[in-house]
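Anchor point for the sequence shown: position 175 equals 981 in our numbering, and the numbering is continuous, going up by one each time.
Glycine included, every Cβ here is placed at the ideal spot set by N, Cα and C.
Worksheet: the structure to be examined is printed underneath.
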Amino acid sequence: MTIKITHKIKSYSVARVDATGSNAAPAVPEAEVIQMHERLQRPEVLVGSTYKIKSPLFEHALYVTLNDIVLNAGTPHESRRPFEIFINSKNMDHFQWIVALTRIMSAVFRKGGDVTFLVEELKAVFDPRGGYFKPGGVYMPSIVAELGLIIERHLKSIGMIKDGELSAEQRALIAEKRSAYEATLKSSESAAVGADTSGYPPGATLCAKCNTPAMVLMDGCATCLSCGYSKCG
């Protein structure tokens, strides 16, 4: 259809036509997705979890509380992000560095972005006096490293860190190598009878990746029977 223009054009807009030929209704604007940032105000109520650290390096236990803020509640974009951290204990000897560490980590949480780097930074801290073994044979190089382990555990529980579980093929390979190694020990005259308290073959050394005494020498290559790490790639 031809339309004759008899007036000066001052402005124009494009009409959207749907499949039926009629003008389509304007699109409904989507709700704004709130991201974590340092200007976000603290709500009256936060969701939190408390973890206990019992270390031979400390006379009294440490209680670590991580509080999360719920963003975009009730929408498909709902998520939990860490907002603040507190550490309480009867032991006041290390009060200064505990307060400083928790304030810095809380500031990093509120800054937003990827905060998972804190896990590796804390787990890499070593105590010059030596570390300790947790129940189950996992070695902790320091109390700060165990704090990093707790933060990692918490971030996994709220979905910020995806738990990289071993595949069925990796588990089968580890089981095969463990069986072969134990068979070699049984056939050796110098082998000890049974495994140690950690559940791994006697003589296994500490794995540099998972801090578990499960590193054995198989076919000329050091392999971890816990996480599958191998120095040969």
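- CA-CA distance, Pro947 to Ala989, rounds to 32 angstroms.
- Spatial neighbours of Phe932 in its own chain (CB-CB distance under 7 angstroms, excluding positions within 5 residues in sequence) are listed in chain order as Pro947, Ser948.
- As the crow flies, the alpha-carbon of Gly1034 is around 20 angstroms from that of Glu958.
- The alpha helix (DSSP H) runs of length 4 or more contained entirely in the segment 899–971 are, from start to end of the chain, 901–917, 923–929, 949–963.
- Remark: fewer than three beta-carbon pairs, one from each stretch, lie closer than 8 angstroms, so the segment 978–985 and the segment 896–916 are not flagged as touching.
- The Cβ atoms of Lys1015 and Cys1038 do not sit closer than 8 angstroms to each other.
- Across the set Ser1032, Ile956, Glu926, Val925, the C-alpha of Ser1032 shows the shortest separation from the C-alpha of Arg977.
- Segment contact: the segment 949–968 against the segment 881–901, three or more CB-CB distances shorter than 8 angstroms; contact assigned.
- At a Cβ-Cβ threshold of 8 angstroms, Val925 and Gly954 count as neighbours.
- Secondary structure of Lys983 (DSSP, three-state): helix.
- Annotated as proximal: Val853 and Val876, with beta-carbon spacing under 8 angstroms.
- In this chain, the beta strand (DSSP E) harbouring Asp874 covers 868–877.
- When DSSP states are grouped into helix, strand and coil, Thr990 belongs to the helix group.
- With respect to Leu863, Ile891 sits apart: the two C-beta atoms are not nearer than 8 angstroms.
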